[in-house]
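Protein chains in written order, with my numbering: chain A, 1 to 419; chain B, 1 to 282.
For each residue, glycine too, the CB sits at the ideal point set by N, CA and C.
A quick write-up on the structure given underneath.
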Amino acid sequence: MNTKFKFWGKLTAIFAITTFLAVIPQSPAIWAADNVVKVGNIIPLSGPSASVGQQGKNAREMAVEEINAAGGIKSLGGAKLKMIYADSESKPEKGVAEAERFINTEKVHVLTGCWNSAVSYPTSAVAERYGIPFIVPVSVADKITEQGFKTVFRIAAKDSWWTRDQFAFLKDMEKEFNTKVKKLAFVYENGDWGKGFAGQWKDLAKKGGYKVVVDEPYPSTATDLSPVVQKIRRAKPDVLMLVSNAADAILLTNTLADYKVKLKAIIASGGGHADPSFLKAAGKNAKYIFDIVEWETDVNKPGAKEANAKYKTKYGYNLTGEAVDAYLATYVLKDALERAGSLDPAKIRDALASTNLTSSPGMIVGYDAVEFDKTGQNKHASLVMVQINDIGKGLERITVWPKVARRAGYTPIFPMPAK
Amino acid sequence: MGSIYGLTALGLTIIFGVLKVINFAHGSLLMVGMYVAYWAIVFTGLHPYISLIIVVPVMYFFGFYLQDIVIKPIFKAEKDVREPITVIIVTTGVWYILDNLTLLIFGPQYRGIQDNPLRGKMIEFGEMMISVPKLWGFVAAVITAAAVYWFFQKTRMGRAIRATSLDREAASLMGINQFKVYNVAFGIGTATAGIAAVTLVPFYNIFPTVGVLFDIKGFIIVVLGGLGSIGGAILGGIIIGLIESIGPQFMTATWTEAIVYGLFLLVLFVKPSGLFGVKYDW
């Protein structure tokens, strides 16, 4: 190639770039036009947790639509949020690889995800290494916020709070219905989430004076859970406590009914049991199951009904705790971006750390504020217990605990009648 | 449950035996079969097992044309190779396409057939409980295996298929149209996946990636029982099923997977052709 041409080409390019750069500060309009906040979302869109991942995606989309329609991030000249999704397939290595790709190739400003604790945990290390803020709407393993990381922020309650509340609920039920519970069975998926829960259950059971008769992890990909169910049946526990993903939650519930296992109560831990397809696929076998969640459609909060109605007409099913967390997370991000007024990840991180969100369209959760402690955990996150029952309108999830939040006129069924 | 694994593996082993191709899309074919059965039952309100008359032909032709349109051209391009690798890659592609198409069309929700006469039926002998739909699954597996065996031994087409599986070129020289044979074999393999799907539908969830769960087990069973062996597939399935159901009584359920894979490795070390495999084929 002609050297002269090369030189002129370079010169023009440099000139063009400098003019462009020079123009930007003076004209916010141009700046805003190609100004977007890139948010990388790593969620399970296929594999065993695809159903939950899809809900998280829907909730994010709804929040982003609302935020962008209302003028985007004003302190950034109306910058729009742009969501980029990656499928983790519930696999830790996929989560890590996608986080690397998002940060290095897509140049995202913020990461969110990953629902599966096993994926969020290693992914948080990637975010920390690059200093990219990582918002975890819901992944409950305690250790995610206990690594001393600066960039991890979790909206949902951590699992030690979930298990604490499950046992508090059990004690309250025993008192309210004057029924003694002695033997507990723990059956849980063989991942970070299930094992984390089970470890805490064991401690709590010891403290509470319960006897653990079954302690059984199982692979979430199991095609047949009847051996596990037979084990439960022979051990004759009073209460069965579960941690399950969706496919196995359905399979377990149906198999328990098939084998006519007699229990006083089943206490589930959200996840698969909170999946909208769970009620449809398990049908009347799901009756009387107690489940712990962060949010229920009957929550008494302004805007909650409207948000749920909008979501339902859009996607065909109710909001779940997971979806609400994702919805709220998007608004928490918006709030932080407004205060950061910059796309510098460090500034966004600092803004997130000083979050104190009390009123926002996203605040449809049962608690009153989002505020992160030193570890990045939302201090105010709280939980409720629901019971699945049919009170004349088909199967639904009815809030029963804490007693102040119980749906008016409903008495929980405890112990469970024989089916 | 083991017999249903066996039924899934049966289709795999037929396709492998004849085409000498490991069909990675087999789990997806099972998944397609489950969706066909699901919609057939939901729309017509038929008894789940009667839906076989719809599912089996649909699946047969699905497999037949899948082979004819998608796999055959690749086969022709690689006709000089005994075990065409590219075809394996194509089946992997088919697997991804089918799974993701279903994900797009039907969404990731879990479906189950609520009101079917078989759901939750149990035969009780004191402490022993046997699930009725699973018992029928066993019956279906044995009948299907017997029928396939009879077909391969006694009918003209069956003999043609066996001839092709032994020596592709010699069979062609004898005037057998090998691609037609492949289509039929693939169709039969897919139809058995359809039968497995129908036996699963009354008590199992239907979702787009359901096939993956059965796929891996199918491969293990086929290797365990011997590649290309019909009886081996069913027996291998029952062995895996027994390990899965008896194992957890003595240890935690997660250990059974380790045992299954351990056994798989052991068989590969000791008798690579599988329990009922034919040695000369290797």
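{"Asked": "Limits of the unbroken alpha helix (DSSP H) element including A/Val-214", "Found": "A/Val-214 -> not in any alpha helix (DSSP H); beta strand (DSSP E) instead, spanning 211-218."}
{"Asked": "Three-way DSSP call (helix, strand, coil) for A/Pro-25 in this model", "Found": "Note that A/Pro-25 scores 45 on pLDDT, short of 50, meaning its location in the model is unreliable; the coordinates nonetheless yield the value given after this. Correct three-state label for A/Pro-25: helix."}
{"Asked": "At least 3 beta-carbon pairs within less than 8 angstroms: the region 94-106 of chain B vs the region 199-213 of chain B", "Found": "yes"}
{"Asked": "Contact under 8 angstroms by Cβ, A/Met-62 with A/Lys-314", "Found": "yes"}
{"Asked": "Delimiting residues of the beta strand (DSSP E) encompassing B/Gly-236", "Found": "No beta strand (DSSP E) contains B/Gly-236, which is instead part of the alpha helix (DSSP H) from 230-250."}
{"Asked": "Where the beta strand (DSSP E) containing A/Ile-42 begins and where it ends", "Found": "36-43"}
{"Asked": "B/His-367, buried or exposed, once every other Cβ within 10 Å from all chains shown has been counted against 16", "Found": "In the structure displayed, chain B extends from 1 to 282; residue 367 of chain B sits before or after that span and is not available."}
{"Asked": "Beta-carbon proximity list for A/Ser-88, same chain, < 6 angstroms, skipping 5 on both sides", "Found": "Ile-42, Pro-44, Lys-94, Gly-95, Cys-114 and Val-119"}
{"Asked": "Endpoints, the beta strand (DSSP E) within which A/Gly-113 is located", "Found": "110-113"}
{"Asked": "Buried or exposed by the 16-neighbour rule on C-beta atoms within 10 Å, applied to A/Gly-394", "Found": "exposed"}
{"Asked": "Cα-Cα separation between B/Thr-102 and A/Gly-47, rounded to whole angstroms", "Found": "13 angstroms"}
{"Asked": "Listed by chain order, chain B residues near A/Glu-216 by CB distance under 8 angstroms", "Found": "Pro-248, Thr-252 and Ala-253"}
{"Asked": "A/Met-385 - partner residues in DSSP beta bridges", "Found": "A/Ile-292 and A/Trp-401"}
{"Asked": "Own chain residues within Cβ distance below 7 angstroms of A/Ser-277, not counting five before or after", "Found": "Ser-51 and Ala-246"}
{"Asked": "Cut-off 6 angstroms between Cβ atoms - residues of its own chain near A/Ala-157, not counting five sequence neighbours on either side", "Found": "Ala-381 and Leu-383"}
{"Asked": "Neighbouring residues, chain B, relative to A/Thr-375 (Cβ below 9 angstroms)", "Found": "Simply none; closest approach about 31 angstroms."}
{"Asked": "Neighbouring residues, chain B, relative to A/Ile-391 (Cβ below 8 angstroms)", "Found": "Those do not exist, as A/Ile-391 stays about 19 angstroms from chain B at its closest Cβ, beyond 8 angstroms."}
{"Asked": "Inter-stretch contact (C-beta, 8 angstroms, three-pair minimum) for the region 55-66 of chain B and the region 173-193 of chain B", "Found": "yes"}
{"Asked": "Proximity winner among A/Ser-139, A/Leu-252 and A/Gln-200, relative to A/Asp-224 (alpha-carbon distances)", "Found": "A/Leu-252"}
{"Asked": "Inter-residue Cα distance where the pair is B/Leu-7 and B/Thr-86", "Found": "26 angstroms"}
{"Asked": "Span of the alpha helix (DSSP H), counted from its first residue to its last, around A/Glu-146", "Found": "Counting along the chain, A/Glu-146 falls outside any alpha helix (DSSP H), and DSSP gives it neither H nor E."}
{"Asked": "Exposure of A/Gln-377, with buried meaning 16 or more beta-carbon neighbours within 10 Å", "Found": "buried"}
{"Asked": "Enclosing beta strand (DSSP E) for A/Val-136 [first to last residue]", "Found": "134-136"}
{"Asked": "Cβ of B/Ser-131 within 8 angstroms of any chain A Cβ", "Found": "yes"}
{"Asked": "Nearest candidate by alpha-carbon position, reference A/Leu-333, set A/Ile-267, A/Ser-354, A/Lys-206 and A/Ile-398", "Found": "A/Ser-354"}
{"Asked": "Cβ separation of A/Ala-274 and A/Trp-193, assumed to be a contact under 8 angstroms, to the nearest whole Å", "Found": "No, A/Ala-274 and A/Trp-193 are not in contact; Cβ-Cβ is about 13 angstroms, not under 8 angstroms."}
{"Asked": "Classification of B/Trp-150 by the beta-carbon crowding that lies within 10 angstroms, buried from 16 upward", "Found": "exposed"}
{"Asked": "Whole runs of the beta strand (DSSP E) within the region 164-202 of chain A, excluding any shorter than 3 residues", "Found": "183-189"}
{"Asked": "For B/Ile-88 and A/Val-243, the rounded distance between their alpha carbons", "Found": "38 angstroms"}
{"Asked": "Distance between B/Gly-262 and B/Ala-253 (C-alpha atoms, nearest Å)", "Found": "15 angstroms"}
{"Asked": "B/Phe-264 versus B/Ile-14 - alpha carbon distance", "Found": "20 angstroms"}
{"Asked": "Contact list for the region 238-267 of chain A against chain B, Cβ threshold 8 angstroms", "Found": "Ala-246, Ala-247, Ile-250, Leu-251, Asn-254, Ala-257, Asp-258, Tyr-259 and Lys-260"}
{"Asked": "Collapsed DSSP secondary structure at B/Leu-29 in the structure displayed", "Found": "helix"}
{"Asked": "Under the three-state DSSP convention, the category A/Ser-75 falls into", "Found": "helix"}
{"Asked": "C-beta atoms of A/Leu-256 and A/Val-299 nearer than 8 angstroms", "Found": "no"}
{"Asked": "Outcome for A/Ser-359 when other beta-carbon atoms lying within 10 angstroms are tallied against a minimum of 16", "Found": "exposed"}
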